[in-house]
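Enquirer: Sequence order for the protein chains is A and B. The first sequence begins at 1 in my numbering and counts up by one. The second sequence begins at 394 in my numbering and counts up by one. Beta carbons: idealized from backbone N, C-alpha and C, even for Gly.
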Amino acid sequence: MGKVVALEGNQAAALAMRQINPDVVAAYPITPQTEVVQEFSQFVADGLVDTELIAVESEHSAMSACIGASASGARVMTATSANGMALMWEVLYIAASARLPIVMALVNRALPGNINIHCDHSDSMGARDSGWLQLFSENSQEVYDNLIQAVRIAEHLDVRLPVMVCYDGFIISHAVECLEVLEDDIVRNFIGELEPVNPLLDTDRFITYGPLDLYDFYFEHKRQQMEVYPTAKQVIVGIGKEFGSLAGREYGLYEGYLLDDAELAIVTLGSSAGTAKEAVDHLRSDGLPVGMLKLRCFRPFPNTEIAQVLSRPKAIAVLDRSVSFGGFGGPLFTEIRSAMFENETSPHLLNYIYGLGGRDIDVEDIEGVYKDLQRVVDTGNVERIINYVGLRG
Amino acid sequence: MPTLKELSRKPELFSPGHRLCAGCGASIVVRQILLATDTPVVVGSATGCLEVATTIFPHTAWRCSFIHCAFENVAATISGVESAYRVLKRRGRIQKDFRFIAFGGDGGTYDIGLQALSGVCERGHRMLYICYDNQAYMNTGIQRSGATPCGAWTTTSPVGKASAGKRQRRKDLTAIIIAHNIPYVAQASPSRWNDLVTKTQKALQADGPSFINVLSPCPRGWRYESSETIRLAQLAVDTCFWPLYEVNHGKWRLTYRPKEKMPVAEWLKEQGRFKHLFREENKWVIEQLQADVDRQWETLLARCEG
């Protein structure tokens, strides 16, 4: 057991980074991530880590430097948000394709038009097809725990993929919460040493990274890359269990909250899961059969696991903190709906877009969603599949 | 400075069999530069002719560790490699010494990669950046870049009734990098191989960032016979269009002075991309180019003597 401290989410992330003491961190400041870089820079200045900190001139260069350092055989971390992630977009794919185990803290923020520095998941969702693994966090505790596990997941020899640990800008990043932290040596023993695979800094065996890959091989390489994601699911579960035995907090691909006998369910990501748990408790005390599925792992997407765990509810609302302009529903909704298609049961599936640009969602909002679901079950009638919650007018 | 004979006996890190064009200046530049290295190197390349023609999967022309990431970021990518090297050495996880060389064409350096290169210079990574400047986006098929001279035909600065080729002057990238006050900056040409090899060795010895801008004639883009590459490179030097000089820890030095400064038209007339400039109505462009060369040469001389 560790000790309990009160920290902001960004401080929790920086603390995890201090304990990990990566070889290289390359990062650029952006709200609401800035504090992570600031805190970590102070750790470097105070000699608490001996990381090479590269204070780059853009996020594109941050990820490019991470790629160079990781390909050299170093343990590498970075952090960003929104536009910063968007500027990295080109090189995110390259990091994943080169199978480089980079770990990123992504402090979720709206990706504008019309500048907005507050939380939504449009940045994560823009990178969902890049090949990175994506873990979402409900609170500062999970930010801390996920970052430590992410190092192990990324570097696992059966995975070797970059991992982004996502957490809600301001809602988590700037809120002080109590969390339990591990001793430095426990973290260091848990993550162990990085085992370099095909490092550039090897005089015995030269390697060429990033070759020109044309129609005669490219397709096979992409197909090979697809193979790793089912394995990554198992590794994430395995490491989540191992972490559980160490810290007393076990992690899987998702967390079900009073889901076993639930007839009405909400699926969500990030901090709103905490709000939803509160709503579930209220409604359960009123006798309503409600439950919640919090998805921790969005990439790889646990489609079969979700289909199984959601086989009982008669109506399901998927909460999306981002939109897919011109698409049918938000990104999480389309994935869940697709996963459910193979199920013999066919529950009503509704989508609720919420919280864009940091708009708050409260317990009553979520209770309202459950009540909608109850109405759908009672009447058998879905008025609208795509809905908005917390929207004026 | 090794003799040519000694250089010819060194193992080559850049192997034959790559698919760069016959007469490609870049391949000659890369060979000369890699022959100047004695310590193991990690090479990076921006997207461009050099990268696509030397790493066609499953082949590679690089007998050293090599990384290509994207177009605009070779400087940043190699800065990551160099940072990893420093920390891994400090932490005792590697023992051997390495040097780091990033190659970018003029598109990847003057234009889209300028920010990343500037960042590297400011942060002080110990690495050598080589711009092989063939004065246009040759890999995508001869489009104008910030390095294309005024008056040059390219596919995006074509010649027509209303156009005499590229309207704007080229930017002086070497001067931009000099303004970063890094330990070593130079301009070089493959026609003066001993000068280029010496500059490479000085650059690799510098305790910080170094940059060499190397003129790299392109038979396809410049429109000349592929056997003429070295002669055209030397003509650019002898006309003072491409002076050879270095700024070593702030000290300017001319490393080659042409016996006789030739008119810039002597270099232009050898290249199909400037053919239209010799029509009566376009002669003002040649005059302007000559005036620019004269002024820049005088400025350079003053700096080197001062």
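Identify which residue in A/P22, A/F43, A/L310, A/D120 has its Cα closest to the Cα of A/V76.
Expert: Of the listed residues, the one whose Cα sits closest to A/V76 is A/P22.
Enquirer: Go ahead and pull the three-state DSSP assignment for A/E8.
Expert: Note: A/E8 maps to strand in three-state DSSP.
Enquirer: Flag this pair as yes or no: are the beta carbons of A/A26 and A/T80 separated by less than 8 Å?
Expert: No. Outside cutoff.
Enquirer: For the stretch 573–584 of chain B, which residues have a CB atom closer than 9 Å to at least one CB atom of chain A, in sequence order?
Expert: From the stretch 573–584 of chain B, no residue has a Cβ closer than 9 Å to chain A.
Enquirer: Could you list which residues in chain A have their beta carbon closer than 7 Å to that of B/P602, in chain order?
Expert: Neighbours of B/P602 on chain A: none; closest Cβ ~13 Å, over 7 Å.
Enquirer: Kindly give me the distance between the Cβ atoms of B/V467 and B/S438, rounded to whole angstroms, as I take these residues to be in contact under 8 Å.
Expert: Yes, they are in contact, since the Cβ atoms of B/V467 and B/S438 sit about 6 Å apart, within 8 Å.
Enquirer: Could you run through the stretch 507–535 of chain B and flag, in chain order, every residue whose CB is less than 9 Å away from some CB of chain A?
Expert: Listed in sequence order: Q508, A509, S511, G512, V513, E515, R516, H518.
Enquirer: If you count every other CB in all the chains shown that lies within 10 Å of the CB of B/H518, and 16 or more means buried, which is it?
Expert: That one is buried.
Enquirer: Can you tell me which of the three DSSP states B/H461 falls into?
Expert: Here B/H461 sits in strand by DSSP.
Enquirer: Is A/Q11 buried or exposed, if buried means 16 or more other CB atoms sit within 10 Å of its CB?
Expert: With 16 or more Cβ atoms within 10 Å of its Cβ, A/Q11 is classed as buried.
Enquirer: Taking Cβ-Cβ distances shorter than 8 Å, what residues in chain A pair up with B/R483?
Expert: In chain order: D50.
Enquirer: Could you tell me which chain A residues have their CB closer than 8 Å to the CB of B/N466, listed as they occur along the chain?
Expert: Simply H60, S61, S64, V91.
Enquirer: List the residues of chain B whose Cβ lies closer than 7 Å to the Cβ of A/G210, in chain order.
Expert: Within 7 Å Cβ-Cβ: I460, H461, C462.
Enquirer: Take A/A74 and list the residues in its own chain whose beta-carbon comes closer than 6 Å to its own, dropping the five residues that flank it on each side.
Expert: Correct list, in chain order: D23, V24.
Enquirer: So B/A419 contacts chain A; which residues on that side make the cut at Cβ distance below 9 Å?
Expert: By Cβ distance, chain A contributes nothing, its closest Cβ being about 15 Å from B/A419, past 9 Å.
Enquirer: Taking 8 Å as the threshold (beta carbon to beta carbon), is B/T448 in contact with chain A?
Expert: Closer than 8 Å: yes.
Enquirer: Rounded to whole angstroms, what's the CA-CA distance from B/I679 to B/I460? Just pull it up for me.
Expert: Going from the Cα of B/I679 to the Cα of B/I460 covers about 41 Å.
Enquirer: Looking only at DSSP bridge pairs, what is A/I316 linked to?
Expert: According to DSSP, which records beta bridges pairwise, A/I316 is partnered with A/A265, A/L349.
Enquirer: Check whether the Cβ atoms of A/Y28 and A/E59 sit closer than 8 Å, and answer yes or no.
Expert: Yes, the pair counts as a contact, with Cβ atoms nearer than the cut-off.
Enquirer: Taking the continuous alpha helix (DSSP H) assigned at B/C442, which residues delimit it?
Expert: Element bounds for B/C442: 442–447.
Enquirer: Per DSSP, what are the beta-bridge partners of B/Q627 in this structure?
Expert: The partner list for B/Q627 (beta bridge, DSSP) is empty, contrary to what the question assumes.
Enquirer: Could you tell me how far apart the beta carbons of A/R321 and A/H156 are, in whole angstroms, since I believe they sit closer than 8 Å?
Expert: Their Cβ separation, rounded to whole angstroms, is 29 Å, which puts A/R321 and A/H156 out of contact at 8 Å.
Enquirer: Report yes or no: do the stretch 119–133 of chain A and the stretch 156–175 of chain A share at least 3 C-beta pairs separated by less than 8 Å?
Expert: Touching, yes.
Enquirer: Alpha carbon to alpha carbon, how far is A/L259 from A/M292?
Expert: Computed Cα separation, rounded: 6 Å.
Enquirer: In whole angstroms, what separates the C-alpha of B/W586 from that of B/Q425?
Expert: Cα-Cα distance, rounded: 7 Å.
Enquirer: Have a look at A/E183 and A/F190 and give me their C-alpha separation to the nearest angstrom.
Expert: Those two C-alpha atoms are separated by around 11 Å.
Enquirer: Which chain A residues are close to B/T453, counting only those with a beta carbon under 7 Å from its beta carbon?
Expert: Those are T208, P211, listed as they occur along chain A.
Enquirer: Assign B/Y478 to one of two classes, buried (16 or more other C-beta atoms within 10 Å of its C-beta) or exposed (fewer than that).
Expert: The residue in question, B/Y478, is buried, as its Cβ has 16 or more Cβ neighbours within 10 Å.
Enquirer: Tell me which residues share the same chain as A/Q149 and place their Cβ nearer than 6 Å to its Cβ, disregarding the 5 neighbours each side in the sequence.
Expert: If we look at A/Q149 and ignore the five residues flanking it on each side, its Cβ neighbours are I239, F243.
Enquirer: Cβ of B/T453 within 7 Å of any heavy atom in the ligand GDP?
Expert: With respect to small molecules bound, the structure shown includes none, and the ligand GDP cannot be examined in it.
Enquirer: Expressed to the nearest angstrom, what Euclidean distance is found between the alpha-carbon atoms of A/V151 and A/V103?
Expert: Their Cα atoms are separated by approximately 6 Å.
Enquirer: Whole-angstrom Cβ separation of A/S64 and B/G512, contact assumed at under 8 Å?
Expert: So it is not a contact: roughly 10 Å between Cβ atoms.
Enquirer: Report the partner residues of B/S438 according to the DSSP bridge assignment.
Expert: B/H461, B/F496.
Enquirer: Any beta carbon of chain A sitting closer than 8 Å to that of B/A469?
Expert: Chain A contact via Cβ: present.
Enquirer: Would you report the Cα separation of A/P32 and A/Q134, rounded to the nearest angstrom?
Expert: If I take the Cα positions, the gap works out to 19 Å.
Enquirer: Could you tell me which uninterrupted beta strand (DSSP E) segments, each at least 3 residues in length, are contained entirely in the stretch 98–146 of chain A, listed from first to last along the chain?
Expert: Those beta strand (DSSP E) runs which fall completely within the stretch 98–146 of chain A and span 3+ residues are 103–108, 133–136.
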